[in-house]
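Under this note's numbering, think of the first position of the sequence shown as 1102, with each following residue one higher. Every residue gets a Cβ at the ideal spot worked out from N, C-alpha and C, and that includes glycine.
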Amino acid sequence: MSQFEQRANIKFMCKLGKSASEIQSALKQVYGVTALKKSAVYDWFSRFKNGQEMSEDDQRSGRPSASRTEKMTGKVRQLIRCAQRRTIAKLEQEVGISHRSIHAILSDDLKMRHISAKFLVRSKDKVMLIAFFDIDCLGQWFLHHDNAPSHTSLVVQQFLAKKNIPVIIQPPYSLDLALSDFWLFPTLKMGIKGTRFATMEDIKLNVMAELHKIPKEAFHHCFQQWQDRWSKCVCTHEGPTLKVAIPPFWELFHYPSYMLITKENILSN
1102 MSQFEQRANI
1112 KFMCKLGKSA
1122 SEIQSALKQV
1132 YGVTALKKSA
1142 VYDWFSRFKN
1152 GQEMSEDDQR
1162 SGRPSASRTE
1172 KMTGKVRQLI
1182 RCAQRRTIAK
1192 LEQEVGISHR
1202 SIHAILSDDL
1212 KMRHISAKFL
1222 VRSKDKVMLI
1232 AFFDIDCLGQ
1242 WFLHHDNAPS
1252 HTSLVVQQFL
1262 AKKNIPVIIQ
1272 PPYSLDLALS
1282 DFWLFPTLKM
1292 GIKGTRFATM
1302 EDIKLNVMAE
1312 LHKIPKEAFH
1322 HCFQQWQDRW
1332 SKCVCTHEGP
1342 TLKVAIPPFW
1352 ELFHYPSYML
1362 ITKENILSN
């Protein structure tokens, strides 16, 4: 979206009595990464607040800049596409403009970010990996995830209640208790650490390959670690808070080759 359109919106909201911070939040919500920066929003807010009606930039003295033109921006874009591992110094030599202008074109005009000497186009999409794994021991299953806002939000809790899915409560300020947090995801990250993937399909294939490499015994050991972590968590509580800290399912939890975790076992140890 053009800067002129955003300035017109700033002017409109200013006349409605909105504050500069409210206007900035609204622009960011609507335009995302292309929204005007905070300094620009506050500058135009001040102008319109003081009676300015025009949304165009003030006339500048001297020769107009020949660096950040559409032609120059297109040239830089083409160079980056041909070879992403380019330094700003190299681009300076190739297009003949200043370091500051190159940086402005890359970050402001092309919306690129710098990763390990490589410029990448910012993605508007967020890809998430959803992983579930379980062990059959009770004839029923419990869902255990951490207390992140995405898990404790009202819409998620309503969905889980509607589907009659029992959830293991995560104690606040505790160590990582969810199996994916303390074991599965760190294990996957170690296998693909330092690797860059060109497409989402490459990521999926490599993640699946790493998952298949994990032996069944490692999953069983993970559940033993899970019990050990719960034991430590429960044992740190004393008095009346102890009963609150122990989920009811521990009274039933058992499966071959693993100890039965109950309140009595924990206290006796």
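Practice task
Specify the secondary structure class of L1079 as computed by DSSP and reduced to three states.
Solution key: This structure leaves residue 1079 out entirely; the chain is present only between 1102 and 1370.
Problem - Run of the alpha helix (DSSP H) containing I1236, from where it starts to where it stops - result: Taking the first residue of the sequence shown as position 1, residue 1236 is located at position 135. Careful: I1236 lies outside any alpha helix (DSSP H) and carries neither H nor E.
Exercise for the section: Note down, in chain order, each residue of its chain lying with its Cβ closer than 6 Å to the Cβ of P1267, except the 5 sequence neighbours on either side. Expected result: Taking the first residue of the sequence shown as position 1, residue 1267 is located at position 166. If we look at P1267 and ignore the five residues flanking it on each side, its Cβ neighbours are F1243.
Handout entry: Where N1110 falls: helix, strand or coil (DSSP)
Key = Locating residue 1110 in the sequence shown gives position 9, counting from the first residue. Correct three-state label for N1110: helix.
Practice task
Enumerate in chain order the residues of its own chain whose CB-to-CB distance from H1204 is below 7 Å, with the five nearest sequence positions on each side excluded.
Solution key: Locating residue 1204 in the sequence shown gives position 103, where the first residue counts as 1. If we look at H1204 and ignore the five residues flanking it on each side, its Cβ neighbours are I1189.
Handout entry: DSSP state of M1213 mapped onto helix, strand, coil
Key = Residue 1213 sits at position 112 when you count from the first residue of the sequence shown. M1213 falls in the strand class under three-state DSSP.
Problem - Cut-off 8 Å between Cβ atoms - residues of its own chain near F1149, not counting five sequence neighbours on either side - result: Mapped onto the sequence shown, residue 1149 falls at position 48. Around F1149: I1111, K1112, C1115, K1116.
Exercise for the section: Return yes when the Cβ of V1142 is within less than 8 Å of the Cβ of K1212, no when it is not. Expected result: Here residue 1212 refers to the residue found at position 111 when the sequence shown is read from its first residue. Here residue 1142 refers to the residue found at position 41 when the sequence shown is read from its first residue. Contact check for K1212 against V1142 fails: the beta carbons are separated by 8 Å or more.
Exercise for the section: For V1256, name the three-state secondary structure that DSSP assigns. Expected result: Within the sequence shown, the letter at position 155 stands for residue 1256. Three-state DSSP puts V1256 in a helix.
Problem - Cβ-based burial, H1200 [other Cβ within 10 Å; buried from 16] - result: The residue given as residue 1200 occupies position 99 in the sequence shown. Classification for H1200: exposed.
Exercise for the section: With DSSP collapsed to three states, give me the class of V1228. Expected result: Counting from one through the sequence shown, the residue named residue 1228 turns up at place 127. Coil, per DSSP.
Problem - Option in F1233, I1270, T1296 with minimal Cα separation from F1286 - result: For this step, residue 1286 is matched to residue 185 along the sequence shown. Checking every option, the nearest Cα to that of F1286 belongs to F1233.
Practice task
Please report the residue range of the alpha helix (DSSP H) in which T1174 lies.
Solution key: As a first step, residue 1174 must be located in the sequence shown, where it is residue number 73. 1171-1183 is the extent of the alpha helix (DSSP H) around T1174.
Handout entry: Cβ-heavy atom distance, M1291 to the ligand GDP, below 7 Å
Key = Here there are no bound small molecules, and the ligand GDP is not part of this structure.
Problem - Assigned exposure category for Q1107 - 16 Cβ within 10 Å defines buried - result: As a working note, residue 1107 is residue 6 in the sequence shown. That one is buried.
Exercise for the section: Using the Cα positions of M1309 and L1280, report the straight-line distance between them to the nearest angstrom. Expected result: On the sequence shown, residue 1309 is found 208 positions in, with the first residue counted as 1. On the sequence shown, residue 1280 is found 179 positions in, with the first residue counted as 1. Looking at the two C-alpha atoms, the distance is approximately 18 Å.
Practice task
Find out if the Cβ-Cβ distance for the pair N1307, F1320 is shorter than 8 Å.
Solution key: As a position in the sequence shown, residue 1307 is number 206, starting the count at 1. As a position in the sequence shown, residue 1320 is number 219, starting the count at 1. It is not a contact, given that the beta carbons lie outside the stated cut-off.
Practice task
Mind checking which residues open and close the alpha helix (DSSP H) that includes R1148?
Solution key: Here residue 1148 is taken as the residue at index 47 of the sequence shown, counted from 1. Residues 1139-1150.
Practice task
Could you work out which residue in S1202, A1121, M1229 is closest to H1302 when comparing CA atoms only?
Solution key: Position 201 of the sequence shown, counted from the first residue, corresponds to residue 1302. Residue identity check: residue 1302 is Glu in the sequence provided, not His. Of S1202, A1121, M1229, the residue nearest in Cα terms is M1229.
Handout entry: Separation of T1288 from H1313, as counted between CA atoms
Key = On the sequence shown, residue 1313 is found 212 positions in, with the first residue counted as 1. On the sequence shown, residue 1288 is found 187 positions in, with the first residue counted as 1. Using only the alpha carbons, I get a separation of about 12 Å.
Exercise for the section: Along the alpha helix (DSSP H) that carries V1308, what are the first and last residues, could you check? Expected result: For this step, residue 1308 is matched to residue 207 along the sequence shown. That run of the alpha helix (DSSP H) goes 1301-1314.
Practice task
Buried or exposed for L1276, please, with buried defined as at least 16 other CB atoms from any protein chain shown within 10 angstroms of its CB.
Solution key: Counting from one through the sequence shown, the residue named residue 1276 turns up at place 175. For L1276, the number of other beta carbons within 10 angstroms of its own is below 16, and it is reported as exposed.
Practice task
Assuming Q1271 and D1247 form a contact by the criterion Cβ under 8 Å, report the distance between their Cβ atoms to the nearest whole angstrom.
Solution key: For the purposes of this step, residue 1271 is taken as residue 170 along the sequence shown, with counting starting at 1. For the purposes of this step, residue 1247 is taken as residue 146 along the sequence shown, with counting starting at 1. Rounded, the Cβ-Cβ distance is 5 Å, consistent with contact.
Problem - S1254 versus K1263 - alpha carbon distance - result: Within the sequence shown, the letter at position 153 stands for residue 1254. Within the sequence shown, the letter at position 162 stands for residue 1263. Rounded to the nearest angstrom, the two C-alpha atoms are 14 Å apart.
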